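Below: one structure, written as structure tokens.
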Amino acid sequence: MAAEEEMTLYQLQEEGEIDRETLNQRLKRASRILVVSSLKTERRQVYGLCRILNRIKKAGMTAHLSPHGLLLKLSKVYAVKSREERVLTGVPEQV
Numbered sequence: 160m161a162a163e164e165e166m167t168l169y170q171l172q173e174e175g176e177i178d179r180e181t182l183n184q185r186l187k188r189a190s191r192i193l194v195v196s197s198l199k200t201e202r203r204q205v206y207g208l209c210r211i212l213n214r215i216k217k218a219g220m221t222a223h224l225s226p227h228g229l230l231l232k233l234s235k236v237y238a239v240k241s242r243e244e245r246v247l248t249g250v251p252e253q254v
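Under this note's numbering, the first residue of the sequence shown carries the number 160, and numbering increases by one thereafter.
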């Protein structure tokens, strides 16, 4: 996404639609996302929820699953370690 956005900005500058200063200003902001949240939590947790949502979207499951719903499903999966072997308990197909 960043490369595509940069190419578009350079094209605008080459075509004379924006000047060099505007190009530099827009390049500084390219591919940055502002996340506004009313959650009273650490910003890393909020960012983590956005990353989870992107994975849900990529899997085409947005109609069936939310980040909270996915975390709830994942909370039912346990890893059991016996000596050198690590086994996951039954993982739901959706997960």
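C-beta atoms are modelled at their ideal positions from N, C-alpha and C, and glycine is treated no differently. Keep in mind the model is a prediction, meaning the values are calculated, not measured.
How long is the line joining the alpha carbons of residue i and residue j, rounded to whole angstroms?
i, j, result
"Glu176", "Ala189", "17 angstroms"
"Thr167", "Arg185", "11 angstroms"
"Lys235", "His227", "13 angstroms"
"Lys217", "Arg210", "11 angstroms"
"Arg203", "Val194", "11 angstroms"
"Gly219", "Tyr206", "20 angstroms"
Mark residue i as exposed unless 16 or more other C-beta atoms lie within 10 angstroms of its C-beta, in which case mark it buried.
i, result
"Leu255", "Past the edges of the chain, shown from 160 to 254, lies residue 255, and the structure says nothing about it."
"Leu224", "buried"
"Leu229", "buried"
Residue i by DSSP, collapsed to three states: which one?
i, result
"Arg173", "The displayed chain sequence assigns Glu, not Arg, to residue 173. In the structure shown, Glu173 sits in a helix (DSSP, three-state: H, G or I)."
"Leu224", "coil"
Per the DSSP calculation, residue i is bridged to which residue(s)?
i, result
"Arg245", "Lys240"
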